[in-house]
Amino acid sequence: LLRVEDLPQGLRERILSRAEGNPFYVEEIIRSLIDDRTIVRDEATGRWEATREVANIAIPDTLQGVLMARIDRLHEETKRVLQMAAVIGRIFLYRVLSAIAQEERELDRQLLTLQREEMIRERARLPELEYIFKHELTREAAYNGLLKKERRIFHRQVAEALERLFPERVDEQVGLLAHHWEQAGEAEKATAYLLRAADQARTLYAHQEAIDFYERALVFLREGEDLDQAARTLMKLGLTYHTAFEFRRSREAYDEGFALWQKVARKAPHAALPSAPHPLRLVEWEPETLDPGRSNSWETYSQHFRRLVELGPELEVMPDLALSWEVLEGGRRYIFHLREDAQWSDGRPVTAHDVEFAWKRVLDPGTGAPCPDLLFDLKGAEAYHRGEVSDPALVGVRALDDTTLLVDLESPTGYFLQLLTQWVTSPVPRHVVEAHGEVWAEPANIVTNGPFALAEYRPGESLVLVRNAHYRGGWPGNVERVEIALLGFSAWRETMALYEADELDALKITSFPVEQRDRLRRRHPDEFISVPQLSTGCFGFNVTRPPLHDVRVRRALTLAADKEVLAGVSFRGYALPPTGGFVPPGMPGHSPGIGLPYDPERARQLLAEAGYPGGRGFPALRGILPSGSGSSIAAADYWRAQWQRELSVEVRWEYVPGSEEQDRVQQEQPHITLYVWVADYPDPDNFLRIGFGGERTAWRNAEYDELVARARGLLDQEERMSLYRRADRIIVEEAPFMLGVYMQSQVLVKPWVKGYSMSGMGAWSPWKDTIIEPH
10 LLRVEDLPQG LRERILSRAE GNPFYVEEII RSLIDDRTIV RDEATGRWEA TREVANIAIP
70 DTLQGVLMAR IDRLHEETKR VLQMAAVIGR IFLYRVLSAI AQEERELDRQ LLTLQREEMI
130 RERARLPELE YIFKHELTRE AAYNGLLKKE RRIFHRQVAE ALERLFPERV DEQVGLLAHH
190 WEQAGEAEKA TAYLLRAADQ ARTLYAHQEA IDFYERALVF LREGEDLDQA ARTLMKLGLT
250 YHTAFEFRRS REAYDEGFAL WQKVARKAPH AALPSAPHPL RLVEWEPETL DPGRSNSWET
310 YSQHFRRLVE LGPELEVMPD LALSWEVLEG GRRYIFHLRE DAQWSDGRPV TAHDVEFAWK
370 RVLDPGTGAP CPDLLFDLKG AEAYHRGEVS DPALVGVRAL DDTTLLVDLE SPTGYFLQLL
430 TQWVTSPVPR HVVEAHGEVW AEPANIVTNG PFALAEYRPG ESLVLVRNAH YRGGWPGNVE
490 RVEIALLGFS AWRETMALYE ADELDALKIT SFPVEQRDRL RRRHPDEFIS VPQLSTGCFG
550 FNVTRPPLHD VRVRRALTLA ADKEVLAGVS FRGYALPPTG GFVPPGMPGH SPGIGLPYDP
610 ERARQLLAEA GYPGGRGFPA LRGILPSGSG SSIAAADYWR AQWQRELSVE VRWEYVPGSE
670 EQDRVQQEQP HITLYVWVAD YPDPDNFLRI GFGGERTAWR NAEYDELVAR ARGLLDQEER
730 MSLYRRADRI IVEEAPFMLG VYMQSQVLVK PWVKGYSMSG MGAWSPWKDT IIEPH
């Protein structure tokens, strides 16, 4: 005699869940597991034990027979409706069923019959009529009764119906659509939805879900001819495993991906494209230096300096200088194997020694690099940079030979590969730096290793790059020359005139005044692109300046303005309201709904509690903002009006040239400053540790620091994200920042330009991928 409570707990729970409380179903499932010896009785102890792990419990043949007998007793049309509903799923909408059952007469009557037979029941009527199978085993039996060909037809019809009926909800249903197209055997459609679903899950750190979607997509990709897409997907799969600290599986995915990359590279090239009819013509900021180790900006360097890895269009990490890599010692050690054909623009080989030299140069406090903290994950790096140790050999990066680089980390770091896509990790030519010293990056001396090399630089006027003859990577585009006007985006009138005169091929307009962006969108609707950006715009409060030292005042100022109005009216929809914390949506660790709401009554109450009832006695606040940013001016005007109206608080903005803003802020320490952080790598560590911006607010919090430090080294990603969310909530509650908007990026691209795109990090596709068509 076997009772269900005699079974091992895990198996017992799976059986009860599968049977959904039906005692007859429980009995039949147990009987089938005994028959196939999945459950056996130990004669010595008298206990029942499982002989193997049971992940999925199939419907026992006897139970399938009973269920099919019930189904077969139905009228043929009613049975057909039940089977169609079974294809849709356990829960199904009347509207979807109706769309695929158009040939079935009297659908309502059939559904009523199925309810009387207690096979289905109504689940909801609003917002629309919805049904549910009373038992999942009934749905499975009905589904199993269909021929394979019939299933495919119905799955295709369901997928088409979902796309047709709910076009605005496609992003919410990518997993469901992937399932139906997959079961329909439509490889192209299934692959596209599976990859979208996987990418969504990966950005949310839903690792197992993302892995499942990627693996299912790879079934189709491995059977097809798109090796490039398969290799990219394997890179993303490897990154997902890596971020979950499953290093063995990560390496397996990467190894397969590396092999495919090589296979793609060996394929006979397509016929070379004719050269572009003219240079790619762009506008950029004036670079403060052409030395990647001493720069605060990286977009240009992504074009003429290549790194160990590169970031793909969907934020996947792909090989670049490194052909492959190994992750050892539980994620604390990496070994990178470099390409043997990589060369500097003077023809000298790029070696692992150049990478080691570049990283240690950034960390050397004498270099004056602005972003050494991006390399603090290296073992001993922070101590070396702070002068606590003087021997660079103690830093965890070492060339074992010309093509092998050994990297040791302080602790396992899930975002390390993504970090390596940043400009600060670019190798520099040691032989040139040692020959010329700090002027090595002057136009007369500079040597690069990327697809483009510097041809001409006129400070304040233009920068010209040409195709690097020594570059050995792929080149799918046809651009041979890039001409960059160094006007800066604050000169929006001049740049807009150039674009409209067809003298520019693409123009970033994110910093333009919003009314001008509106005008350009109306004039050039087919050339306008807007994408969410992993970026948060804030106003920082200097907490050392009274009255902002009082958290009640900071919270009052934050509560006094409607951020929905700011995003929707002042920014005209070109930004999103910050309903969460500092970590933006689309970034793992984002906390939706924790932001301080618009509550002017509570704001006035807090201001009174701080000693300023009705704003009386409150000193005028001074803020410094860059004059070139139309977005910051729109936000500043809105906040000033709101504070005056709701709190009787006066703020005086001073607009200064962007080139002077940082120095003025450091010297004068105003009450309020603009602070915008754009992700360097898609991980909350980059926002909450690297990008926190404490130097602009002087705010510190011991609990916050401890949470961020703990999260950085955790292996358990779920716990890690939980700590980041707790840290982000502290920022919201303490309000050292007044969160303004989650940023979006806008660009105009001429119709003759193909392959020019951007990602959520604001990164632009490599210009070597860009095609300029005759026009």
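Under our numbering, the residues of the sequence shown are numbered 10 to 784, in order. For every residue, glycine included, the Cβ atom is placed at its ideal position computed from N, Cα and C.
Kindly indicate which residue of the options has the alpha-carbon position closest to the one of residue i.
i, options, result
"Ser600", "Arg735, Leu568, Gly700 and Pro606", "Arg735"
"Gly375", "Ala361, Ser354 and Pro401", "Pro401"
"Asn551", "Val674, Thr71 and Arg130", "Val674"
"Gly340", "Ala133, Thr457, Thr252 and Leu615", "Thr252"
"Leu83", "Asp70, Glu58 and Arg125", "Arg125"
"Arg134", "Gly469, Leu102, Gly396 and Leu516", "Leu102"
"Pro775", "Ala510, Glu489, Asp689 and Asp725", "Glu489"
"Arg625", "Ile633, Glu655, Ala644 and Gly598", "Glu655"
"Ala207", "Gln182, His533, Tyr152 and Trp484", "Gln182"
"Leu496", "Leu513, Trp432 and Glu36", "Leu513"
"Glu37", "Arg61, Ala67, Thr54 and Gly19", "Ala67"
"Phe591", "Arg581, Ala720, Ile603 and Ala584", "Ile603"
"Glu86", "Glu115, Leu72, Leu106 and Arg79", "Glu115"
"Glu232", "Arg161, Val658 and Ala196", "Ala196"
Do residue j and residue i have their beta-carbon atoms positioned less than 8 Å apart in this structure?
i, j, result
"Val13", "Ile39", "yes"
"Leu566", "Met747", "yes"
"Phe163", "Ile109", "yes"
"Gly389", "Leu403", "yes"
"Leu474", "Gln312", "yes"
"Tyr223", "Lys198", "no"
"Ser544", "Pro593", "yes"
"Ile681", "Gly486", "no"
"Leu787", "Leu317", "Nothing about residue 787 can be read from this structure; the chain reaches only from 10 to 784."
"Val437", "Arg370", "yes"
"Leu426", "Leu387", "no"
"Asn305", "Pro379", "yes"
"Arg528", "Ile518", "no"
"Ala570", "Gln651", "yes"
"Thr249", "Ile220", "yes"
"Gln209", "Pro541", "no"
"Val433", "Gly302", "yes"
"Arg502", "Ala744", "no"
"Leu383", "Gln431", "yes"
"Ala168", "His189", "yes"
"Pro741", "Leu605", "The displayed chain sequence assigns Val, not Pro, to residue 741. Yes, these two residues count as a Cβ contact at 8 Å."
"Tyr607", "Leu634", "no"
"Gly702", "Tyr684", "yes"
Along the alpha helix (DSSP H) that carries residue i, what are the first and last residues, could you check?
i, result
"Glu715", "Ala711 to Arg721"
"Lys369", "Ala361 to Leu372"
"Val741", "Gln726 to Glu743"
"Ile39", "Pro32 to Asp44"
"Ala95", "Glu85 to Ile97"
"Leu102", "Careful: Leu102 lies outside any alpha helix (DSSP H), inside the beta strand (DSSP E) at Ile100 to Leu102."
"Val75", "Asp70 to Asp81"
"Ile24", "Gln18 to Ala28"
"Met244", "Leu236 to Thr252"
Along the beta strand (DSSP E) that carries residue i, what are the first and last residues, could you check?
i, result
"His346", "Arg342 to Leu347"
"Trp334", "Ala331 to Leu337"
"Glu58", "Trp57 to Ala59"
"Tyr607", "No beta strand (DSSP E) contains Tyr607, which DSSP labels as neither H nor E."
"Trp686", "Ile681 to Val687"
"Arg130", "Ile129 to Ala133"
"Glu319", "Val318 to Leu320"
"Arg50", "Ile48 to Arg50"
Give me whichever residues DSSP pairs with residue i in a beta bridge.
i, result
"Leu516", "Leu757"
"Ala262", "DSSP, once it has assigned bridges, lists no residue as partnering Ala262."
"Leu289", "Val491"
"Leu585", "Tyr751"
"Lys763", "Ile780"
**Message:** At 4 residues or longer, what runs of the alpha helix (DSSP H) sit wholly inside the region 135 to 220?
**Reply:** 145 to 153, 157 to 174, 183 to 192 and 196 to 212
**Request:** Please list the segments of the beta strand (DSSP E) lying wholly inside the region 612 to 672, counting only runs of 3 or more residues, in order along the chain.
**Result:** 630 to 635 and 660 to 665
**Whole runs of the alpha helix (DSSP H) within the region 373 to 441, excluding any shorter than 4 residues** = 390 to 394 and 425 to 428
**Message:** In chain order, what are the residue ranges of uninterrupted beta strand (DSSP E) at least 3 long that sit wholly in the region 531 to 583?
**Reply:** 537 to 550
**Message:** Going residue by residue through the region 433 to 489, where are the continuous beta strand (DSSP E) segments of at least 3 residues, counting only ones entirely within it?
**Reply:** 461 to 467 and 471 to 476
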